[in-house]
Structure formats: C-alpha cells, structure tokens
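Peer 1:
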Amino acid sequence: MFPAAFDYLRAHSIEEAAAALSQHGGDARILAGGQSLIPAMRFRLARPTVLVDIGSLRDLVYLREESGFLRVGAMTTDARLERDKDVRARYALLTETSDVVADPVVRHKGTVVGSLCHNDPAGDWAAAALASRAIMVVRGPSGERDVPIDEFIVDSFTTAVQEGEIAVEVRFPTPSARTSGAYEKIERKVGDYATAAAAVQLTLADDGTIAQAGVAITALGPFAMRVTEAERLLLGQRPSEDLFRAAAEEAYRLADPNPDTRGSAEYKKNMARILVARGLARTSSKLHA
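When the letters of the sequence shown are read in order and numbered with the UniProt record's numbering, they come out as residues 1 to 289.
Here you go:
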C-alpha cells in the first residue's frame, strides 16, 4: 500500500519544528529516522497530513556522558550507540538492547528517541529505558521539561508528548561499577519484532545485596511495563536462584499478551517468566565475574 496524502516540511531548527507542530496540531508528526513511522504510514496505521522532518538538525546528533547521565540526542541512531566503545564498556543493558533492535539496516537509520516516541507495544528500547530509569527531555512552546520514562509511556503508540512539543533527548543514568544488566528477547527470526522480551538491571551494595533493581517486559501487554513487584522482591536481598524465580513469577502475573501467530497468550506469559529469570541470572553472573 501507499501512504495517504501528506505535506512535507523540512525543519531547520528545533524552534521551527515546534512551530510547525503547533500550527498543524494532531495532524502533524515528526519524521526522524522513519523506520517506525513510514511503515505505519504505508499500511495506513498512521495518517498524518503533515510530516515535519528533523533529519537535518545536526545539533540533535550526540552521545555524551554529562552530570551523571548518558545523554542521547533525538537524531542519534541505534547504530551509533551500538558501536560506541564507552557505551559497550559501561552500559551492559543498553549494549545488549542495541545489538538486537531490528537489523543492521534499520539500526543505521532508526533512532533511540524515535523508537521511544513511537512506543510500539513490542519495542525494545522502551523496556531498556524502564529498567534503567531513563528520563525523556521534551521541548515545546512553554520551554523544556524532563519526563521520567514511567510517565512518558502512556498507552500503545501514545506518549506524554503534547501538541507542539518535541522529544529532543533521552537520558540514561550512568551506572556504578557494581551495576550490570541484560536484555533477553525471543523472536521468530533475526530482525523481527519480539515475541516476548525482558530488560534487567541490578546494582549491588558493598555487602553483596541488591541495592537497585530494574525489571521490565515488552511485547507482553499494551505497552512496555516495569515489573515493580519483582523489583520490590529483589531489593535488599542476596542474589540467588530462588530469588530470581520468585521475581520471574511476578513477570508472569503482570504479563497480559494477546495471542497471535507468534504464540498463545499462555506461551508468551511463560516466556515472560523464563526471560526475566534468565536475565537476572546472567546479570548476577556478570556482577560476580
């Protein structure tokens, strides 16, 4: 299929893009890498009447550590994050996630912020962002505001970005030396959407107990979700197989997937349990290596 008719505007600044969004309201969409939006338009799942292209805004292409965060600009591609040596050395969860997002062709065009804004129920970055407590930076007519990822994700394909606003950055907290993570994903073939996936991040205290825990699942409900009960069980405990099994049960309880050609609802719920347990075990192994 072909997309419905639309007008195309190339923005030369963030302010110009925001003005165009304000002028056209809900009929306008931001075009960044286009790896999610364009396919949706082709199948007429999305029908914007105006596309505002921010692809030429080079000041949104950056990846840097600053003030306790890894700051990722809105036009920074998955591939740039994937191949960054400092990210690979220190951000285990982000590294594993970037390695399995779609395929290399998509990763060279798609952006991390774009994926988070698209908020596909089976998107990879949303789970990683939830488990690592990411913060979205949104800019609009009223200025700039920080939105915790838990508040940014509202519903399927819906975020907290308001009319006239643009998500310009995502910030991932810089992990301590005693932090690691893992991303577990089941897919039918390389490059496919997840059948089920889980993101895990743990920080150990000096006494070996779990000081911070992040657990999130995706493709297992209307949007990616933090498994807060699993996180609560993990805090203050020493890593163990029994503990991880108990935490994984909370993922099974929370998961509410739809049956489809990838599997039944019960199969996917069981995958939630397995993937969370596996991710926790691998993360613990890294921390004790």
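The beta carbon of each residue, even a glycine, is placed where N, CA and C say it ideally should be. Everything numeric in this text was worked out from a predicted model, so none of it was measured.
1) What residue does the alpha helix (DSSP H) around Tyr267 start on, and which one ends it?
2) Beta-carbon within less than 6 Å of Ala79's beta-carbon, same chain only, minus the 5 sequence neighbours each way: which residues are those?
3) So, do the region 45-64 and the region 19-29 have three or more beta carbon pairs nearer to each other than 8 Å?
4) Please work out which residues of its chain come closer than 7 Å, Cβ to Cβ, to Ala4, disregarding the five sequence neighbours upstream and downstream, and give them in chain order.
5) So the alpha helix (DSSP H) Arg90 belongs to, where does it begin and stop?
6) Would the beta-carbon of Gly181 fall within 9 Å of that of Gly208?
7) Are the CB atoms of Thr111 and Ala74 nearer to each other than 9 Å?
8) Nearest CA to the CA of Lys85: which residue from Glu65, Leu243, Val100, Leu37?
9) Between Pro239 and Ser284, which are expected to be in contact by the criterion C-beta below 8 Å, what is the C-beta distance as a whole number of angstroms?
10) For the alpha helix (DSSP H) that Gln23 lies in, which residues bound it at each end?
11) State the DSSP-derived secondary structure class of Ser56, mapped to helix, strand or coil.
12) I'd like the list of long-range same chain contacts for Ala134, defined as Cβ closer than 7 Å, with 5 residues on each side in sequence excluded.
13) Could you please give me the residues that DSSP links to Gln212 through a beta bridge?
14) For Met225, which residues of its own chain have a beta-carbon under 7 Å away from its beta-carbon, when the five flanking residues on both sides are left out?
15) Count the other C-beta atoms from every protein chain shown that fall within 10 angstroms of the C-beta of Thr95, then say buried if there are 16 or more, exposed otherwise.
16) Which stretch, first to last residue, makes up the beta strand (DSSP E) that contains Pro148?
Peer 2: Quick look at the numbers:
1) For Tyr267, the enclosing alpha helix (DSSP H) begins and ends at 265-287.
2) These residues qualify, in order along the chain: Arg107, His108.
3) Three or more beta-carbon pairs separated by less than 8 Å link the region 45-64 to the region 19-29, which places the two stretches in contact.
4) Correct list, in chain order: Arg44, Arg47.
5) Its alpha helix (DSSP H) spans residues 85-90.
6) No, Cβ-Cβ distance for Gly181 and Gly208 is not below 9 Å.
7) Taking C-beta atoms as the reference points, Thr111 and Ala74 count as a pair closer than 9 Å.
8) The candidate whose alpha carbon is nearest that of Lys85 is Glu65.
9) Contact between Pro239 and Ser284 holds, with the beta-carbon distance rounding to 4 Å and staying under 8 Å.
10) Run containing Gln23: 14-24, per the alpha helix (DSSP H) assignment.
11) If DSSP states are grouped into helix, strand and coil, Ser56 belongs with coil.
12) The residues are Ile149, Val170, Arg171, Phe172.
13) DSSP output for Gln212 lists Thr203 as bridge partner(s).
14) These residues qualify, in order along the chain: Ala216, Ile217, Leu254.
15) Around the beta-carbon of Thr95, 16 or more other beta-carbon atoms lie within 10 Å, marking it buried.
16) Its beta strand (DSSP E) spans residues 143-148.
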